[in-house]
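Undergrad: Chains L and W, in that order, are what the protein sequence lines are.
The numbering of the first sequence is this note's numbering, which starts it at 146 and goes up by one.
The numbering of the second sequence is this note's numbering, which starts it at 2 and goes up by one.
Note that CB positions come from ideal geometry on N, CA and C, so glycine has one too.
The structure under discussion is supplied below as structure tokens; questions concerning it will follow.
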Amino acid sequence: MSALGIVGGVLQAALVVAGSPLLVGWMRQIRARLEGRVGAGVVQPWRDLRKLFRKEAIAPAGTSEVFRFTPLVLVGSTLVVAAAIPFVTDASALGPGADLFAVVALLAMGTATLALAGLDTGTAFGGMGASRATTIIALVEPSLLMAIFALSVPVGSTNLASIVHSALRNPAQVLSPASLLAAVALLMVTVAETGRLPVDNPSTHLELTMIHEAMVLEYSGPDLALVELSASMRLSVFLGLLASLFAPWGIATSLDPVPLGVGVVVFAAKVLVLGTAVAVGEVFVAKLRLFRVPELLAGSFLLGLLAVAASFFLSRQP
Amino acid sequence: MNLVAVGLAVATAAGVVTAVLAVVVPSRFHAAVSGIGTALVGAAGAAAGAAAVLGQPFALSLPWVLPLFGVSLEADPLGGLFVAVAGGAAATAGVYGIRPARRDSGVRATSVVMPLFAFSLLLVPVASGVGSFLALWELMALTSLVLVLTGRRRAEAVEAGRWYAVMTHLGLVAIMIGLMILVAHAGGDSFAALRAAAGSVPPAIAGTVFVLAVLGFGSKSGILPLHAWMSRAYSAAPGHAAVLMSAAMANLGVYGIVRVGFDFLDGARSDTARWWWIGALLLGAASAVYGILQAAMSSDLLRLLSFSSTENMGLILAGVGAAGLFASSGSGALAGLALVAALLHTLNHSAFKALLFQAAGSTVEATGSRDLDELGGLRPRMPGTTAAFGWGALAASALPPGTAFVSEWLLIQALIHGLGASGVASSVVLPVAVGAVALTAGLSVATFVKAFGVGFLARPRSDAASQATEAPATALVAMGLTGAACAILAVLPSLVLPGLGRVAGSLTGAAGTTVDGAVTLELSGVAGSLSPLVVGVGLLVAVVLAAGAVRALAVRRARRAARLWDCGAGPLTPRMEYTATSFAEPLQRVFDNVVAPETGVDVTHPEESNYLVELVEYRRTVPDRIERRLYRPVLALVSAWGSVGRRLASGSIHQYLAYGFFVLIGLLVALAVTR
């Protein structure tokens, strides 16, 4: 664990906590403007969080510790991931243990905990959301791992810092067919994992369609604030991961204030651009039927498989 | 002092004395005596196995015990590892089986056979001759068969026993033929003779032996296609016997495949051998996916856990197959890594499956039901058991900071680094294997969220579940011990990895350790590192930070109890909860073509009008498709053959004498002609 990694980790975690509600606000604002509405403003998510933190906590009848601790575990696991991925600095707070598989498994652990909390309420909504969310993570996992596999082939490692270094040293690698295929596959995975359109609609409360919202229906007050915060943090973390893997330029490699400042600004800019792209894309697509989602994920798996094949066969010198 | 010899001697003495004592003590105490004795056997075995892994030599020959070939024992690191795992499993299963004298002790036969079964599990991996190995293997099969037959639900136990008896002996026949071919080739019965002749086995013989070994040993581990006995036997056997069968006996199939593949067929590391290993890898991957799919569809808690064993054994076989593939193409370091991953997963699987079967056994005992759709709400009533199952479920779903995460990570690292290791074949097979492992990991999350969330959380779905009481203290102690073992394996796998590296090195010829480091695991030979301890501690720190921030920011008021959201329509009833069946429905639809569920809906209308509905009946079963397609035709053929044969038996004694007469004449004629 280097000093750079620890400084970067703390900085990134703080940045993600502070910035991700703003990212969500920004994306909602873009959608609102494109749909011809005025919108609530970029800081509205922070206002909502402040309001929720001031309310009293509720213990719904029959729920156990699983329900109560889930928001903390969700925020905690996302914080670890935010500190571990090289967003701002090229060293990780987890040191040499920052493995891409470990990072995505930690995020999946958060989803699984939330599904348990949904089941713990014992309502039909909670169970429905949990069932749908676990179905989606079960199907996302193969495409995710295949995309990671493809990325690791030219580098020879799944260590995050190694992948970022390799892309920094050899920028042409990012534009290789394997890397582009993997990028598209990872983008589909990101959309599915963060519950955006066309997989899940973050602003729906219609029981036929909700996934994430159904699981968290019983949460209120500070618990709901934590769940909302972690959902927005997961979105920034996934977009940041895409940015770090496929456009790692601007990441600080030393502890000087100037590169660090540049790193922070560039990271925020990259996530904002990606968020804008996702928000604009969402205006033009409708939500898919739940049972059409596997087709989307199968497509993403196929792209991952093609990426692995391309990375193997195209990287071999004739 | 030779710890291996002492440990095995203590285990033998404890096993025999306990079995005798369990016969004679009053009926209130036999379970307690048997439990303590089995735990002793296990503890002594675990010590002996650990010593053998660390390199203590041990050899013993007792020519007078069995006629013709005698009994010869020898401990090496590979055998020692499996002895240690079996010992650990027997120790916790023993503690779990202790019942206070005032409780129902169960069937006496279970108590008598349990220490003998534990003892046979310890001896199979140290057998060093084909004769002794087969005899001990059969002892293990017979003792476990008796345990299955002593299950509480009579009819189910008998049916399970019949399946198990037939299939374990089919497996034995395959193993016996395979080993006998090798013995005939080597000209000696001892493992040393087989090893010496390993270099000169012709490819055709090596291939036949390998296939027979994978089929026969794989059947013990629940590998496809000979897996059908497993869910029946595990569900029917008494709780502590199921713990020992799933956590120790299933491993011995892996032991057999590794022993034959790496030790006896050493010379088969040729180009043709590669195809056998690819076959094993694909069979393992197929078993993993099929097993977890069946588990994901199952609403029966014990069946779910059994199929999860098929899944994990499939992953282990995939690791072993990958190790063989790399070894046959000369990548020693990768082969060592894949084998270490497989062995660590064996260890992890034993730990978490023992924990899960203990918790599930206590649940079934407390509620009388193993249908997840009738459980639920056990958290307030059985807090210890619920915590144990939750911890086991986290371990089984391969998520950090759980136990199986580290071994699956090692397996995936071995697979992705081997992409170009052995030509185009591996570059096609390995991505498919990674996809299968990943799908397995994803489905196991869904499976164990279902098992824990529906089975233990929420509100009770039946009267039996709402009147459940906590398991006895000894069972909780056993779960605590197993849970602690899972925790140690999860955060500090570096404690066991050097030992596993030594075992893998002795088999694949990989020099040095394959995984280094105490806190951060560093792979040697390929780039890769992971620190389960730092991830776990980081997670803990982050959760504490978040909790502190909430306390500082949020209004500090006690939590207010509130009603669940019921749309204003009055309190929700347990009938409105999601069940295991409904939870698995989306996955069932996605994998409709693979699992082929059978659903039936009957709608009864009242007499007045067809537009009104009186009663809707919905049935769904997910049959084991391989069992349907493969076993049914075979069974039908056998029974058709039987009924043809019955026509020969008319009951007339003259006719029978005539059969004997004509057969004898025929034989004599044949002999006269051929000589």
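Where in the region 344 to 422 of chain W do unbroken runs of the alpha helix (DSSP H), each at least 4 residues long, occur, reported from the N-terminal end onward?
TA: Correct list: 384 to 397, 404 to 418.
Undergrad: Check this for me: beta carbons of Q295 of chain W and D593 of chain W, under 8 Å apart or not?
TA: Numbered from its first residue, the second sequence carries residue 295 of chain W at position 294. Numbered from its first residue, the second sequence carries residue 593 of chain W at position 592. No, they are not a contact pair.
Undergrad: Kindly indicate which residue of W:G539, W:L340, W:T475 has the alpha-carbon position closest to the one of G385 of chain W.
TA: Reading the second sequence from its first residue, position 384 is the one you call residue 385 of chain W. Looking at the Cα atoms, W:T475 is the closest of the given residues.
Undergrad: Where does W277 of chain W land, buried or exposed, given buried means 16+ other C-beta within 10 angstroms?
TA: By 1-based counting over the second sequence, the position of residue 277 of chain W is 276. Buried, by the Cβ-count rule.
Undergrad: Can S428 of chain W and F457 of chain L be called in contact, C-beta distance under 8 Å?
TA: Numbered from its first residue, the second sequence carries residue 428 of chain W at position 427. Numbered from its first residue, the first sequence carries residue 457 of chain L at position 312. Taking 8 Å as the Cβ cut-off, S428 of chain W and F457 of chain L qualify as a contacting pair.
Undergrad: Looking at the secondary structure, which residues open and close the beta strand (DSSP E) in which P205 of chain L lies?
TA: Reading the first sequence from its first residue, position 60 is the one you call residue 205 of chain L. Note, P205 of chain L: beta strand (DSSP E), 203 to 205.
Undergrad: What does DSSP give as the partner residues of T234 of chain L in its beta bridges?
TA: Here residue 234 of chain L refers to the residue found at position 89 of the first sequence. Looking at the DSSP assignment, T234 of chain L forms a beta bridge with L:A397.
Undergrad: If L79 of chain W and V261 of chain W are in contact, beta carbons under 8 Å, what's the gap, nearest whole angstrom?
TA: Taking the second sequence and counting its residues from 1, one reaches residue 79 of chain W at position 78. Taking the second sequence and counting its residues from 1, one reaches residue 261 of chain W at position 260. That pair is no contact at about 12 Å.
Undergrad: Are the beta-carbon atoms belonging to A694 of chain W and L195 of chain W less than 8 Å from one another?
TA: Absent from the structure is residue 694 of chain W, since the part of chain W shown begins at 2 and ends at 676.
Undergrad: When you compare the CB positions of V407 of chain W and A257 of chain L, do they come within less than 8 Å of one another, or not?
TA: Counting from one through the second sequence, the residue named residue 407 of chain W turns up at place 406. Counting from one through the first sequence, the residue named residue 257 of chain L turns up at place 112. Cβ distance not < 8 Å, so V407 of chain W and A257 of chain L don't count as in contact.
Undergrad: Taking the C-alpha atoms as reference points, what is the distance between V535 of chain W and A339 of chain W?
TA: Working through the second sequence from its first residue, we reach residue 535 of chain W at position 534. Working through the second sequence from its first residue, we reach residue 339 of chain W at position 338. Cα-Cα distance, rounded: 24 Å.
Undergrad: Tell me, which residues are paired with L63 of chain W by DSSP?
TA: Residue numbering aside, residue 63 of chain W sits at position 62 when the second sequence is read from its first letter. The partner list for L63 of chain W (beta bridge, DSSP) reads W:V72.
Undergrad: When you compare the CB of M577 of chain W with every CB in chain L, is at least one pair closer than 8 Å?
TA: For the purposes of this step, residue 577 of chain W is taken as residue 576 along the second sequence, with counting starting at 1. Cβ-Cβ to chain L under 8 Å: yes for M577 of chain W.
Undergrad: Using C-beta distances below 6 Å, list every residue in its chain close to A355 of chain W, excluding the 5 sequence neighbours before and after it, in chain order.
TA: Counting from one through the second sequence, the residue named residue 355 of chain W turns up at place 354. Within the same chain, A355 of chain W has close Cβ partners A90, T93, V244, A248, T483.
Undergrad: The beta strand (DSSP E) that contains T349 of chain L, what's its start and end?
TA: Counting from one through the first sequence, the residue named residue 349 of chain L turns up at place 204. Looking at the DSSP string, T349 of chain L is not in any beta strand (DSSP E), and its letter there is neither H nor E.
Undergrad: For the beta strand (DSSP E) containing V602 of chain W, list its first residue and its last residue.
TA: By 1-based counting over the second sequence, the position of residue 602 of chain W is 601. Note, V602 of chain W: beta strand (DSSP E), 599 to 605.
Undergrad: Pick helix, strand or coil for T582 of chain W, following the three-state DSSP scheme.
TA: The residue labelled residue 582 of chain W in the question sits at position 581 within the second sequence. Reduced to three states, the DSSP call for T582 of chain W is helix.
Undergrad: Using beta-carbon positions only, say whether L156 of chain L and V233 of chain L come within less than 8 Å of one another.
TA: Within the first sequence, numbered from 1, the residue matching residue 156 of chain L stands at position 11. Within the first sequence, numbered from 1, the residue matching residue 233 of chain L stands at position 88. Against a cut-off of 8 Å, the Cβ pair of V233 of chain L and L156 of chain L comes out as a contact.
Undergrad: Identify which residue in L:A236, L:K415, L:E210 has its Cα closest to the Cα of V262 of chain L.
TA: Your numbering for residue 262 of chain L matches position 117 in the first sequence. Per the sequence shown, the amino acid found at residue 262 of chain L is Ala instead of Val. The candidate whose alpha carbon is nearest that of A262 of chain L is L:E210.
Undergrad: Checking contacts by CB at 8 Å: is V551 of chain W closer than that to chain L?
TA: Within the second sequence, numbered from 1, the residue matching residue 551 of chain W stands at position 550. Output row for V551 of chain W: interface = yes.
Undergrad: Could you tell me the alpha carbon to alpha carbon distance between A269 of chain W and T509 of chain W, rounded to whole angstroms?
TA: Here residue 269 of chain W refers to the residue found at position 268 of the second sequence. Here residue 509 of chain W refers to the residue found at position 508 of the second sequence. Annotation note: pLDDT 47 at A269 of chain W (below 50); position unreliable, coordinate value reported separately. Near 13 Å, if we compare the C-alpha coordinates of T509 of chain W and A269 of chain W.
Undergrad: Closer than 8 Å, CB to CB, is T521 of chain W near chain L or not?
TA: For the purposes of this step, residue 521 of chain W is taken as the residue at position 520 of the second sequence. True, the Cβ-Cβ gap to chain L drops below 8 Å.
Undergrad: In whole angstroms, give me the CA-to-CA distance for A388 of chain W and E338 of chain L.
TA: Residue 388 of chain W sits at position 387 when you count from the first residue of the second sequence. Residue 338 of chain L sits at position 193 when you count from the first residue of the first sequence. In a straight line, the C-alpha of A388 of chain W is about 28 Å away from that of E338 of chain L.
Undergrad: With distances taken from CA atoms, which of W:W230, W:A528, W:M314 is nearest G254 of chain W?
TA: As a working mapping, residue 254 of chain W is identified with position 253 in the second sequence. Checked all of W:W230, W:A528, W:M314; the closest Cα to G254 of chain W is W:M314.
Undergrad: For L331 of chain L, would you say it is in contact with chain B, using Cβ-to-Cβ distances shorter than 8 Å as the test?
TA: Included in the structure are the protein chains L and W, with no chain B among them.
Undergrad: Using C-beta distances below 6 Å, list every residue in its chain close to V672 of chain W, excluding the 5 sequence neighbours before and after it, in chain order.
TA: To locate residue 672 of chain W, count along the second sequence from 1; it is residue 671. The sequence given here has Leu at residue 672 of chain W, not Val. Around L672 of chain W: no qualifying Cβ.
Undergrad: Apart from the five residues just before and just after P401 of chain W, which ones in its own chain have a Cβ nearer than 6 Å to its Cβ?
TA: The residue given as residue 401 of chain W occupies position 400 in the second sequence. Excluding positions up to five away in sequence, the list reads V536.
Undergrad: Would you mind telling me which residues of chain W sit closer than 7 Å to T279 of chain L, beta carbon to beta carbon, in chain order?
TA: By one-based count along the first sequence, residue 279 of chain L stands at place 134. Residues of chain W passing the Cβ test: V446, A447, V450.
Undergrad: DSSP three-state label for L616 of chain W, please.
TA: Numbered from its first residue, the second sequence carries residue 616 of chain W at position 615. If DSSP states are grouped into helix, strand and coil, L616 of chain W belongs with the strands.
Undergrad: Can you tell me where the alpha helix (DSSP H) with L305 of chain L in it begins and where it stops?
TA: If you number the first sequence from 1, residue 305 of chain L lands on position 160. Per DSSP, L305 of chain L belongs to the alpha helix (DSSP H) from 305 to 314.
Undergrad: List the residues of chain W that T234 of chain L touches, going by C-beta distances under 8 Å, in chain order.
TA: Taking the first residue of the first sequence as position 1, residue 234 of chain L is located at position 89. Going along chain W, no residue has its Cβ under 8 Å from T234 of chain L, so there is no contact; the nearest lies around 17 Å.
Undergrad: Could you round the C-beta distance between V591 of chain W and T280 of chain L to whole angstroms and report it? I think they count as a contact, below 8 Å.
TA: Counting from 1 along the second sequence, the entry for residue 591 of chain W is found at position 590. Counting from 1 along the first sequence, the entry for residue 280 of chain L is found at position 135. Rounded, the Cβ-Cβ distance is 7 Å, consistent with contact.
Undergrad: Taking the alpha helix (DSSP H) that R558 of chain W belongs to, which residues open and close that run?
TA: For the purposes of this step, residue 558 of chain W is taken as the residue at position 557 of the second sequence. No alpha helix (DSSP H) contains R558 of chain W, which DSSP labels as neither H nor E.
Undergrad: Looking at the unbroken alpha helix (DSSP H) that takes in E286 of chain L, where does it start and where does it end?
TA: Within the first sequence, residue 286 of chain L is the residue found at index 141, counting from 1. Segment 269 to 300, the alpha helix (DSSP H) holding E286 of chain L.
Undergrad: Between the alpha carbons of I151 of chain L and A415 of chain W, how many angstroms are there, rounded?
TA: Within the first sequence, residue 151 of chain L is the residue found at index 6, counting from 1. Within the second sequence, residue 415 of chain W is the residue found at index 414, counting from 1. Near 30 Å, if we compare the C-alpha coordinates of A415 of chain W and I151 of chain L.
Undergrad: Span of the alpha helix (DSSP H) holding L150 of chain W?
TA: Position 149 of the second sequence, counted from the start, is the residue given in the question as residue 150 of chain W. Element bounds for L150 of chain W: 131 to 150.
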